[in-house]
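Right, one structure below, let's go through it.
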Amino acid sequence: MFVSILALSFVLAACGGDDSGSDDGGGETADGEFAEQEWRFVSEEVPGEVQYEYTAEFADRISEKTDGAITIEPIEYGGLGSEVDQAQMLQQGAVEFAVMSPGFTGGQVPDGQIFSLHYFFPSDQEQVQQILTDSEALNEDLRAKYEEHSITPLSFWTEGAMAWTSNVGIESPSDWEGLNTRVQESPLMRESYAAYGATVQSMSQSELYTALDRETVDGQENPLFYIESASFNEVQDTLTISNHNNYVAMTTVNTEWYNGLDDSVKEVIDETVAEMQDWVFEEQQSSNQEALDAMVDDTENPTEVIELTEDQIAEFSEVAEPVHQYYRDEVEGIDPELFDKLQQEIEDATGE
Numbered sequence: 016m017f018v019s020i021l022a023l024s025f026v027l028a029a030c031g032g033d034d035s036g037s038d039d040g041g042g043e044t045a046d047g048e049f050a051e052q053e054w055r056f057v058s059e060e061v062p063g064e065v066q067y068e069y070t071a072e073f074a075d076r077i078s079e080k081t082d083g084a085i086t087i088e089p090i091e092y093g094g095l096g097s098e099v100d101q102a103q104m105l106q107q108g109a110v111e112f113a114v115m116s117p118g119f120t121g122g123q124v125p126d127g128q129i130f131s132l133h134y135f136f137p138s139d140q141e142q143v144q145q146i147l148t149d150s151e152a153l154n155e156d157l158r159a160k161y162e163e164h165s166i167t168p169l170s171f172w173t174e175g176a177m178a179w180t181s182n183v184g185i186e187s188p189s190d191w192e193g194l195n196t197r198v199q200e201s202p203l204m205r206e207s208y209a210a211y212g213a214t215v216q217s218m219s220q221s222e223l224y225t226a227l228d229r230e231t232v233d234g235q236e237n238p239l240f241y242i243e244s245a246s247f248n249e250v251q252d253t254l255t256i257s258n259h260n261n262y263v264a265m266t267t268v269n270t271e272w273y274n275g276l277d278d279s280v281k282e283v284i285d286e287t288v289a290e291m292q293d294w295v296f297e298e299q300q301s302s303n304q305e306a307l308d309a310m311v312d313d314t315e316n317p318t319e320v321i322e323l324t325e326d327q328i329a330e331f332s333e334v335a336e337p338v339h340q341y342y343r344d345e346v347e348g349i350d351p352e353l354f355d356k357l358q359q360e361i362e363d364a365t366g367e
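Residue numbers 16 to 367, in this note's numbering, belong to the letters of the sequence shown in order.
This is how it looks when you write it as structure tokens:
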């Protein structure tokens, strides 16, 4: 037995004694090249939509920076289950990267529901993107809360302002009364729509088209590019450009995996994440404008486009304001200081 153990130890030493110079964190080899690695990057969308195109562009840039040593496989929505399934896989380390919406982790990280507040962020998309990029409340304080659940948000970014679709036409809060709308798995979203008099139903995006077609739900919210891509305009008569909030996405990694990486690899990831902020903003702008144009020009599925006036927005904002305070003061697990800090950062950025 002793001889067998001794022999096995020599085998293991030989296997671990590779002279390539690679380390456990997948850093650079002794000759300055990166060790070969394969990572997976899952998103909540499919090819042609913003999140998936983000993962593909990110993969190309990482490959170029490492001379092909590090490859990333973009995985489209549905390849690994629902949005909730994907979040769990990231937490468990089954995938290294994920683009996710904070709404699907609202039960674990209550502070992430802050993006669900209506008329809390500015309507100007450039201001929104700048706040998401620079905010200390988000990129430090909220990040730390996610890391308690093995999720590290490396960046926050907007996929565009949300819009409403329905068959009745949404122009005032009272138009929501009696309607059943689809929302993400976020308790705060329920509160936001309850303030308008609506009921809500949580379901995956993959189920939504059928639910709208069968009228088991009456309305939904999404950025314009997704509404057109998912063909919701085929089964809904009206589109309301409301700018009530933004579809915020997070570029996330598994915390333990990321913390175990060599500094040189982390540097490449962080550099690429920073570069992608401008890229994805331009991508979502063009995607949303093209989608709006396509829906307006679609004579086979005519859609009435309603753009809320300043007075109408003021009416919605007045109804939504108490939900802001409800979130700050009454939602269990919320850090009021994070809310106050972000609110101040928004006021500083907008001059209001």
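Think of the CB as a built atom: it goes at the ideal place given N, C-alpha and C, for glycine as much as any other residue.
Given the structure is predicted, the values throughout are model-derived calculations rather than measurements.
Is residue i helix, strand or coil by DSSP?
i: G127; result: helix
i: D39; result: A caution first: D39 carries a pLDDT of 48, below 50, which makes its placement in the model unreliable, though a value can still be read off. DSSP places D39 in coil when its eight states are reduced to three.
i: A71; result: helix
i: M204; result: helix
i: A210; result: coil
i: N195; result: strand
i: V26; result: Reliability of the predicted coordinates at V26 is poor, the pLDDT of 36 falling under 50, and the value obtained from them is presented with this limitation in mind. Residue state, collapsed to three classes: helix.
i: I90; result: strand
i: S217; result: strand
i: G175; result: strand
i: A45; result: Any reading at A45 must be qualified, since the residue scores a pLDDT of 46, below 50, and its modelled position is unreliable; the value itself is stated next. DSSP places A45 in coil when its eight states are reduced to three.
i: G31; result: Residue placement at G31 is poorly supported in this model, since its pLDDT is 38, which falls under 50; the coordinates are not used for a value here.
i: V18; result: Because V18 sits at a pLDDT of 40, beneath the cut-off of 50, its placement in the model cannot be relied upon, and the point is left open.
i: L353; result: helix
i: N261; result: strand
i: G348; result: coil
i: T287; result: helix
i: D149; result: helix
i: G118; result: helix
i: N154; result: helix
i: S332; result: helix
i: N248; result: helix
i: S189; result: helix
i: P62; result: coil
i: E315; result: coil
i: E367; result: coil
i: D277; result: coil
Who are residue i's beta bridge partners in DSSP?
i: A309; result: For A309, which the question treats as bridged, DSSP gives no partner whatsoever.
i: I321; result: T255
i: I85; result: Q52
i: G234; result: S181 and T196
i: T225; result: BP columns for T225 are empty, so no partner.
i: I361; result: BP columns for I361 are empty, so no partner.
i: T267; result: A113 and P168
i: V57; result: I90 and A113
Between the Cα of residue i and those of the options, spot the shortest distance and give me the residue it belongs to.
i: T377; options: I242, Y208, N261 and D75; result: Because the chain here runs from 16 to 367, residue 377 falls outside it and cannot be looked at.
i: E325; options: G275, V283 and I256; result: I256
i: R55; options: S97, E243, L147 and G108; result: G108
i: A213; options: E141, L194, G366 and M291; result: L194
i: S244; options: A159, R229, V57 and Q299; result: Q299
i: A226; options: G121, R197 and S201; result: R197
i: E91; options: Y69, Q142 and V338; result: Y69
i: Q128; options: G275, E367 and D350; result: D350
i: M218; options: D285, G63, Q199 and R205; result: Q199
i: S97; options: V57, F136, Y224 and E297; result: V57
i: G93; options: Q101, T86 and I87; result: Q101
i: N154; options: A364, E367, L353 and T318; result: L353
i: E336; options: D75, Y211, A50 and E53; result: Y211
i: D308; options: T365, F240, T266 and Y342; result: F240
Can the beta-carbon of residue i be found less than 8 Å from the beta-carbon of residue j?
i: G234; j: W179; result: yes
i: N237; j: M310; result: no
i: S187; j: Q359; result: no
i: V268; j: L169; result: yes
i: Q140; j: G118; result: no
i: E59; j: M104; result: no
i: V346; j: L203; result: yes
i: Q251; j: V232; result: no
i: Y161; j: V124; result: yes
i: A152; j: L357; result: yes
i: F73; j: T287; result: yes
i: N248; j: D313; result: yes
i: V65; j: F171; result: no
i: F296; j: Y134; result: no
i: D190; j: L157; result: no
Could you give the first and the last residue of the continuous beta strand (DSSP E) run that contains residue i?
i: F136; result: Taken as a continuous stretch (DSSP letters only), F136 belongs to no beta strand (DSSP E), as it is neither H nor E.
i: A113; result: F112 to M115
In the DSSP assignment, find the unbroken alpha helix (DSSP H) run with residue i in it and report its ends.
i: V99; result: E98 to Q107
i: T270; result: T270 to N274
i: A159; result: R158 to E162
i: L239; result: L239 to S244
Indicate whether at least one CB of chain C lies closer than 8 Å to the CB of residue i.
i: T173; result: Here chain C cannot be found, since the structure has a single protein chain.
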